[in-house]
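Numbering (this note's numbering), first residue to last: 4 to 289. Ideal Cβ positions, reconstructed from N, Cα and C, are used throughout, including at glycine. Here the structure comes first, spelled out in structure tokens, and everything after it is commentary.
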Ligand code: NAP
């Protein structure tokens, strides 16, 4: 019988570490600051922005929000970002996705300075990650997944990691990180024939699809570590991509939903803000 990973506890400990880093920077008169741009009516996005605001307050990180209405243009947002790029009191810039449909997402994301790209979506940031450069921002969800896997003492070398999903924000970057750590990586997606052929071989299984319970007990190898990234609302309840209660019979460990990867994703963002504030002030290790 496997166990659910206590992600809340991991986040609690990591928050204490981060608080100390923020205090260290404050002693040097540096107050980490995140600028958040919200240009959508998406309810989930508003909730995420609220969660980020709350954790910023807890940690003593400043947050400046730009809540924009439907009349906003791509040019206006790019102008705001250019100003923020040149404002030395702002260390990180986050554009909450999705954006209003009329906006040019690529143009907006590309205008963020790679030095302030705390979400890690800029092509330059992702390029650095893919060539294995250390000094880059790791996108928040993959970074949060690694926080969990590292904390539970996961071994990567010689292990088979199977990722289901190949998105720019989760599947692709986590595959590269696990590859760099020494795992043998397989990526499955919507065009893969019979994903269970692959999931059954996984020592580490990461599922980021957005389909409730797409991974069931018969698709999981005995003793596997399972990371469930999915967030699905079904009959008013939030559930993951993995049928957790039954998969627990075969896996060794699994992240719960809710209370799993979502928690470390927000933490990772603020870790990136602190990293940005440190690097922009030439402080290598706060
Ligand atoms: P996405 O951009 O929609 O990508 C989904 C991926 O799943 C795609 O690569 C797609 O393949 C693949 N897929 C779709 N149907 C499939 C199937 N039947 N079999 C195998 N693969 C299939 O989604 P995302 O942004 O990566 O997010 C995935 C899930 O994670 C969502 O539920 C999202 O809400 C959640 N999420 C959670 C967090 C968190 O902090 N916990 C953060 C980000 C996302 P194709 O590429 O072929 O279309």
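Legend entry - Coarse secondary structure for residue 136, derived from DSSP in three states: Residue 136 falls in the coil class under three-state DSSP.
Legend entry - Residue from 95, 205, 39, 147 with nearest C-alpha to residue 161: Closest by C-alpha distance to residue 161, out of 95, 205, 39, 147, is 205.
Legend entry - Reference residue 38, options 27, 56, 22, 49, closest by Cα: Minimum Cα-Cα distance from residue 38 among the listed residues 27, 56, 22, 49 corresponds to 56.
Legend entry - Bridge-paired residues (DSSP) for residue 67: Residue pairing by DSSP places residue 67 opposite 38 in a beta bridge.
Inset, instruction - Take the Cβ of residue 47 as the centre, count every other Cβ of all protein chains shown within 10 Å, and call the residue buried at 16 or more, exposed below. - result: Exposed is the label assigned to residue 47, since fewer than 16 other Cβ atoms lie within 10 Å of its Cβ.
Inset, instruction - Could you tell me whether the Cβ atoms of residue 148 and residue 177 are closer together than 7 Å? - result: Yes.
Inset, instruction - Indicate whether the contact test is met: 3 or more Cβ pairs, each with one atom in the segment 27 to 35 and one in the segment 264 to 284, closer than 8 Å. - result: The way I'd put it, the segment 27 to 35 does touch the segment 264 to 284; three or more beta-carbon pairs between them come closer than 8 Å.
Inset, instruction - Could you spell out the range, first to last residue, of the alpha helix (DSSP H) harbouring residue 267? - result: From DSSP, the alpha helix (DSSP H) with residue 267 extends over 264 to 283.
Inset, instruction - Please report how far the alpha carbon of residue 155 lies from the alpha carbon of residue 141, in whole angstroms. - result: Approximately 20 Å between the Cα atoms of the pair.
Legend entry - Alpha-carbon spacing of residue 165 relative to residue 209, whole angstroms: Whole-angstrom Cα-Cα distance: 6 Å.
Inset, instruction - Return the CA-CA distance between residue 108 and residue 118, expressed in angstroms with no decimal places. - result: Spanning the two alpha carbons is a distance of roughly 19 Å.
Legend entry - beta strand (DSSP E) runs wholly inside the segment 88 to 170, at least 3 long, in chain order: For the beta strand (DSSP E) assignment, the uninterrupted runs of no fewer than 3 residues enclosed by the segment 88 to 170 are, from N- to C-terminal side, 95 to 98, 163 to 167.
Inset, instruction - For residue 145, collect the residues of the same chain with a Cβ closer than 7 Å to its Cβ; drop the 5 residues on either side in sequence, then sort them by chain order. - result: For residue 145, where only same-chain residues beyond five positions count, the Cβ hits under 7 Å are 173, 176, 177, 180.
Legend entry - Cβ neighbours of residue 44 in the same chain (closer than 8 Å, five flanking residues each side left out): So the qualifying residues of the chain are 73, 103.
Inset, instruction - Quick one: give me the first and last residue of the alpha helix (DSSP H) that residue 59 is part of. - result: Following the DSSP letters along the chain, one finds residue 59 inside the alpha helix (DSSP H) bounded by residues 46 to 62.
Legend entry - Coarse secondary structure for residue 244, derived from DSSP in three states: Coil, per DSSP.
Legend entry - Residue from 254, 183, 193 with nearest C-alpha to residue 136: Proximity to residue 136 across 254, 183, 193 peaks at 183, based on C-alpha coordinates.
Legend entry - Rounded separation between residue 106 and residue 96 - CA only: Distance between the alpha carbons of residue 106 and residue 96: 17 Å.
Legend entry - Top-ranked residue by Cα proximity to residue 240, from 219, 262, 6: Closest option to residue 240, Cα to Cα, is 262.
Inset, instruction - Pick out whichever of 250, 264, 271 has its Cα sitting closest to the Cα of residue 5. - result: If we check each option's Cα against that of residue 5, 250 comes out closest.
Inset, instruction - Taking only the alpha-carbon atoms, compute the straight-line gap between residue 12 and residue 151 and give it to the nearest angstrom. - result: One Cα belongs to residue 12, the other to residue 151, and the distance between them is close to 10 Å.
Legend entry - Distance CB(residue 212)-CB(residue 243) smaller than 7 Å: Judged by beta-carbon spacing, residue 243 lies beyond the 7 Å limit of residue 212, meaning their Cβ atoms are not closer than that value.
Inset, instruction - Within its chain, find whatever has a CB closer than 8 Å to the CB of residue 199; leave out the 5 residues flanking it on each side and keep chain order. - result: Here the set comprises 221, 222.
Inset, instruction - Say yes only if the C-beta of residue 167 is nearer than 6 Å to one or more non-hydrogen atoms of the ligand NAP, and no if none qualify. - result: At least one heavy atom of the ligand NAP is found less than 6 Å from the C-beta of residue 167.
Legend entry - residue 202 to residue 8 span [Cα, whole Å]: About 20 Å.
Legend entry - Secondary structure of residue 235, DSSP reduced to three states: Note: residue 235 maps to strand in three-state DSSP.
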